[in-house]
Structures are given as structure tokens and as C-alpha cells.
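In our numbering, the protein residues as written are 26 to 376. Idealized CB from N, CA, C, for every residue including glycine. In what follows, a structure is listed as C-alpha cells, so that the remarks can point back to it.
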Ligand code: MRU
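See below:
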């Protein structure tokens, strides 16, 4: 990456020989750009759990590529190798429950494993997994670039766009979902200013979205999450666009905690609220948002700020990492397959 642009940053990469997973450690940003080199499944799983890599599509990519890197530690016996691959998939599936992309990536890799004939030597099986993982990541990147083409025309010619959490290159295979739409709109000449919700408690907006946009030269101001309503009331926001961790069959959207609040505010102020996500984020097996598992994270993420405890000792906290926005609050879904109104999307899912 050059220091001028993060647009084509690839935060999740496999070494050319397939033995090492390279992850840009998102916990160090924006102060430092540290890369982790991982080659065993436990380290990959912990990197996902501890948010070294985060963002629904990026988690899926890390799992697929991480399985390949980890597989060099598995037995040379083909039966035991396959068994270890399946156990690795199970470990990776226990890392974060909400983003369906993780389970999609794991299913993709299990499918690749199942395609290998029983007698195929370990080198052949690993080669097949390697190719499948690279294909998965390439498809995810292509989806981002295509959804940006579909979404950019929806952005205002001149105006301010609110976004929540981080949905950029860091959260994906590269380029980004909602932030990718903003990137494309800016590149096409639209005069867009971004308001980035800081996104408490982990500050993905303040630390990561602001970092990406700053590198790209796209004007950005960070706001505390509780400021969006007041700025909407003053007419300072023309559109909101967010990503998604899982979209249920009826169009309900699980995304970073605080997204629902933004959607409600948008409806009240009659501001369009867009969700940009690859098709792989839609989970046809989940009927509605009520069925989406919501991750509850360590309460210290709420108690502590910059390492200092902000709440009195003995006080509890709640820390649901995601919320569910009802489909009816979504103006349109922007995907690589086109732009869909909620009713159209759910009709497609049911057909
Ligand atoms: O907890 P995180 O940082 O993994 O949550 C990420 C989000 O909620 C993103 O908005 C979502 O994954 C879409 S990313 C393209």
C-alpha cells in the first residue's frame, strides 16, 4: 500500500507458497501498520475473535486463507489430513457468530475438500484447497467492485453521506462495500463529504474508516455516535450507507451496533438509508432478523476507554456487538447483482 491510497489495500493475504496468512492488525490502526504472520488455526481463530481482522467479508477471507496456511501443519496421511481440515473448520466456525460470510467461506472450503477424490495425496488436496480459497477471495473482491458501480449513482452529486462502522478495504477482500460505493462516487466526480460515526465501543469508524478516507483524500469528519440525529435535523446529511453482517430472507439486516439507530433517524428525517453488501451476506436459511445470533462481546470494551476504566467499579455493562434493522427501514440494498428494494429482495429469496 502507498501512504496516499488505501483503496486497493488487501488486508488479508496468503504468502505465494500458501504457508503464511498475512493480516494487517486492525487493532494497531491508525497509530501503526503492523502485519501478523500466522500459520496455525488457533492463531487465525484468535485473530478473528480479538478483532485483528474484522468486517464480515474479511473474516470469511481470513478463515478460507487461514485454513490453507494452517494445513501445512497437518499430517501427511490423507485421512488424518482431511480430519484435521474439518476440525479446523469447526474451530473457525466458533469464532464469531453473527457474520454469515464466515460460515459461507467455511462451507466453500468444506465443499472444496469434499470434491477431492478419496485417494488423492495430501499435496493434491492442499493444492485444491489453496485454489478454492484464492477463488473465494477474488470473488469477494470482484463483488465489492461491482456493487460500487451499482451504488455510486445513488450517492448525492453534492452532499454529506453518513456511514457507520468500517466497511472499507479493511473489512473486505479489498475496496469495501458501503465505503467502496462512496469511493466510486467520489472517483466519479461527486462532491461527497463523509461523516463517520465513531462507532463505540471499538471505534471502527473513528480509527479505521477515517484512516482509509484520509489516505484516499476523501473529506471526512468523525462524529460521536449520538450526534447524527442533530445533524440530520439541521439538514446536514443527505444519505446514509452501511454494510451488513447478515441479511435475513425477509431483508432484516444485522450490522454493527448503532446501525438500527441510524436507520430510525433516517426514516424520521426522510433521508435514504442504503445497505451495501455482497450477495454472500444474504442468508436464505435465516427467515428474519429475530433468528440472527447476536454476538455479546467482552464488557471491558464498554468499561474501558484507551485502557482506562470509565465506569465505577461494581457497575455492569451490556455489549451486544450488532443490532438488527428491520427491512422496512432500508431504502435499497446495493449488491453485485444490482440494487433491490427490500420487498424485491425478499420476493427473490422466497422464489
Ligand atoms: O465487529 P466488526 O468490526 O467485525 O463489525 C463489522 C461490521 O459491522 C461491518 O459494518 C460489516 O461487517 C460490514 S463490513 C463490509
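Rounding to the nearest angstrom, what Cα-Cα distance links residue i and residue j in this structure?
i           : j           : result
residue 285 : residue 40  : 39 Å
residue 371 : residue 317 : 16 Å
residue 42  : residue 209 : 33 Å
residue 357 : residue 270 : 16 Å
residue 311 : residue 274 : 6 Å
residue 190 : residue 315 : 22 Å
residue 185 : residue 289 : 18 Å
residue 103 : residue 165 : 30 Å
residue 325 : residue 219 : 29 Å
residue 364 : residue 177 : 11 Å
residue 306 : residue 163 : 16 Å
residue 147 : residue 136 : 16 Å
residue 50  : residue 59  : 6 Å
residue 149 : residue 101 : 11 Å
residue 144 : residue 224 : 50 Å
residue 131 : residue 108 : 15 Å
residue 71  : residue 259 : 43 Å
residue 362 : residue 167 : 11 Å
residue 93  : residue 141 : 15 Å
residue 242 : residue 221 : 14 Å
Indicate, with yes or no, if the ligand MRU has a heavy atom lying under 6 Å from the CB of residue i.
i           : result
residue 277 : no
residue 344 : no
residue 229 : yes
residue 202 : yes
residue 283 : no
residue 325 : no
residue 196 : yes
residue 291 : no
residue 169 : no
residue 332 : no
residue 86  : no
residue 268 : yes
residue 350 : no
residue 234 : no
residue 251 : no
residue 192 : yes
Anyone know if the C-beta pair for residue i and residue j falls short of 7 Å?
i           : j           : result
residue 347 : residue 197 : no
residue 57  : residue 97  : no
residue 193 : residue 201 : yes
residue 3   : residue 238 : Here the chain comprises residues numbered 26 to 376, so residue 3 is not present and cannot be evaluated.
residue 345 : residue 248 : no
residue 48  : residue 34  : no
residue 161 : residue 89  : yes
residue 121 : residue 320 : yes
residue 55  : residue 195 : no
residue 375 : residue 125 : no
residue 85  : residue 129 : yes
residue 336 : residue 328 : yes
residue 187 : residue 253 : yes
residue 206 : residue 279 : no
Looking only at its chain, what residues have a beta carbon closer than 6 Å to the beta carbon of residue i, apart from the 5 residues adjacent to it on each side?
i           : result
residue 204 : 192, 193
residue 292 : 354
residue 360 : 172, 304
residue 276 : 352, 367, 370, 371
residue 66  : 95, 113, 116
residue 373 : none
residue 313 : 273, 275, 277
Apart from the five residues on each side of it in sequence, which residues of its chain come closer than 8 Å, Cβ to Cβ, to residue i?
i           : result
residue 52  : 75, 76, 77
residue 105 : 99
residue 28  : Low per-residue confidence applies at residue 28: pLDDT is 40, beneath 50, and the placement is therefore not dependable, though the value from the model is reported in the following sentence. Cβ neighbours of residue 28 beyond the five flanking positions: 240.
residue 127 : 73, 81, 84, 85, 88, 117, 118, 120, 121
residue 323 : 344
residue 216 : 182, 183, 184
Is residue i near the ligand ZN, going by C-beta to nearest heavy atom under 6 Å?
i          : result
residue 81 : Absent from the structure shown: the ligand ZN. Ligands present: the ligand MRU.
Under 7 Å Cβ to Cβ from residue i, same chain only, skipping five residues before and after it: list those, please.
i           : result
residue 38  : 47
residue 294 : 257, 258
residue 334 : 328
(message) With a threshold of 8 Å, are at least 3 pairs of Cβ atoms found where one atom belongs to the segment 226-236 and the other to the segment 257-277?
(response) no
(request) Decide if the segment 171-181 is in contact with the segment 210-217; the criterion is three or more beta carbon pairs, one per stretch, under 8 Å apart. (result) yes
(message) Between the segment 352-359 and the segment 151-167, can you find at least three pairs of beta-carbon atoms closer than 8 Å?
(response) no
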